[in-house]
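A.B. asks:
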Amino acid sequence: MQEIIFIDEGSLPTPEGITREWVKAVAENRNEDEKLFSIIREAFQRKIDVGVHVPTYPQFRDMIGQFLDIIREEKNCYEPYVLKEENAKILELEIIDEVAKQYKKDTGKTLEVRVCIAGPTDMYLQAFGATAFVDAYNILALDIEKFIKQAFKTAKNFKIKVIALDEISLGLNDKIQFSDADIISALTVASTYARQQGTDMEIHLYSPLKYKLICETPINVIGFEYAGTPSYLDLLDRKVLEDSNTYVGVGVSRTDIFSLIGIINEKYRVNAWKEKEYLQKIVTELETSDVIKKRLETAFSILGDRIKYANPDCGLAFWPDQDLAFKLLENTAKAINEFNAEKRDQ
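Under the working numbering, the sequence shown has 271 at position 271, and the numbering climbs by one with no breaks.
1) Apply the 10 Å Cβ neighbour rule to Q2 and answer buried if 16 or more other Cβ atoms are within range, or exposed otherwise.
2) Suppose contacts are defined by Cβ-Cβ distances below 8 Å. Is A325 in contact with L316 by that definition?
3) Please look up how many angstroms separate the CB atoms of E202 and A164, rounded, as I've assumed it's under 8 Å.
4) For the stretch 9 to 23 against the stretch 297 to 308, do three or more pairs of beta-carbon atoms, one drawn from each stretch, fall closer than 8 Å, so that the two count as touching?
5) Among residues of its own chain, excluding the 5 on either side of E32, which ones have a beta-carbon nearer than 8 Å to its beta-carbon?
6) My output table needs one value for D169: the three-state DSSP class, helix, strand or coil.
7) Taking the alpha helix (DSSP H) that K308 belongs to, which residues open and close that run?
8) Using DSSP with H/G/I as helix, E/B as strand and the rest coil, what is Y57?
9) Looking at the structure shown, is M63 part of a helix, part of a strand, or coil, going by DSSP?
10) Which runs of the beta strand (DSSP E) fall wholly inside the stretch 14 to 92 and span at least 3 residues, in chain order?
11) Could you tell me how far apart the beta carbons of I168 and L205 are, in whole angstroms, since I believe they sit closer than 8 Å?
12) Please state the DSSP three-state secondary structure of V248.
13) Pull the bridge partners of G223 from the DSSP assignment, please.
14) Would you mind giving the Cβ-Cβ distance between E85 and K156, rounded to the nearest angstrom? I have them listed as a contact below 8 Å.
15) In angstroms, rounded to a whole number, what distance separates the CA positions of F44 and R295?
16) Hey, how far is the Cα of F178 from the Cα of I222?
17) Would you kindly work out how many angstroms separate the C-alpha atoms of I263 and R254, rounded to a whole number?
18) Verify whether the separation of the beta carbon atoms of Y57 and G10 is less than 8 Å.
19) Contact defined as beta carbons within less than 8 Å: I believe Y211 pairs with L236. What is the distance between those atoms, to the nearest angstrom?
20) Which residues in the same chain have their Cβ closer than 6 Å to the Cβ of N87, if we skip the five residues on either side of it in sequence?
21) Report, in whole angstroms, the separation of the C-beta atoms of K293 and A335, which I expect to be a contact under 8 Å.
22) Thinking A194 and V250 are a contact (beta carbons under 8 Å), I'd like their distance in whole angstroms, please.
23) Could you tell me the alpha carbon to alpha carbon distance between T188 and K161, rounded to whole angstroms?
24) Quick check on the DSSP output: the beta strand (DSSP E) that includes I117 runs from which residue to which?
25) Hey, V52 and D122: beta-carbon distance below 8 Å or not?
26) For N357, I'd like the list of residues in its chain whose CB is within less than 8 Å of its CB, leaving aside the five on either flank, ordered along the chain.
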């Protein structure tokens, strides 16, 4: 059996005393590089330390804005929205390269990394709204390809194992006016280069409702949020995945923090936002490694070797603090490692 690989979705809470607005500002004006770089490198190292097999660069900025702001900047483009490839850079990848260099020195191994980029559909909806301009949609897909090409150039001391497109609107947003053929075309443009490099190309969805459409593109991994919505598993036909040689990345730990805190509040009749000692119960009672492993076992009983990756449902940007977020990652790592060990022994 191919072992299931633990990836994370990228985003984290900012450290205490640091806001997402501050990170956005200093990432753009580059006037506090030393502090910013330290924050990102420390968070990335902690992902490695808690056991994420293929960590995503730490995201402390808005997923769509991080890319769209670059594309909207006139000096970065040949003409509106037509990005110059040399400007399609992900700063965080440059920052984590130093951690990867040290990792290689310490272990003798090259660190594998997941790179997450806003998908063309989500980016389009934020830039242009619901009206469908197919040419603009395809231009954004080409811009994404440029970010991917630059990511490979940046990866000097690490290997890109997964490129992921964040497309939470697909299957959820009824305002999407593009035809299935338009969506297939844009996703094909955005994903072809990465597949040509032998890298797994993932699409991160909330719901796998449109998964058959994804199976018609070069994208070979469909990530979806199973832990918070177990019924999503029922939408997938294993034979369709097998026939198209498509794998899944299954969300096995819940990240819907407001719902989780609501459960704690109701159970203990407290306000855990204020009585913060109760927040730990999220990772000691609700999202324990045993609970997470049982979810993975259930998903495996249905999808089997179509599961290539497992991860938390979504990012952790809005969790109350980093320690709680990293404890969830640690619990998830333990669950996946124990699942793999049990399968090896069978």
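We put the beta carbon where it would ideally sit given N, CA and C, even for glycine.
C.D. replies: Judging by the given coordinates:
1) exposed
2) yes
3) 4 Å
4) no
5) V26
6) Inspection of the sequence shows that residue 169 is occupied by Ser rather than by Asp. Coil, per DSSP.
7) Not the alpha helix (DSSP H): K308 falls in the beta strand (DSSP E), residues I307 to P312.
8) coil
9) helix
10) 77 to 79
11) 7 Å
12) strand
13) H204 and G249
14) E85 to K156, Cβ: 18 Å. No contact.
15) 26 Å
16) 20 Å
17) 13 Å
18) yes
19) 6 Å
20) N76
21) 4 Å
22) Not quite, the Cβ-Cβ distance comes to about 21 Å (not below 8 Å), so this is no contact.
23) 19 Å
24) L111 to A118
25) no
26) As shown, the chain starts at 1 and ends at 346. That puts residue 357 outside it, with no answer to give.
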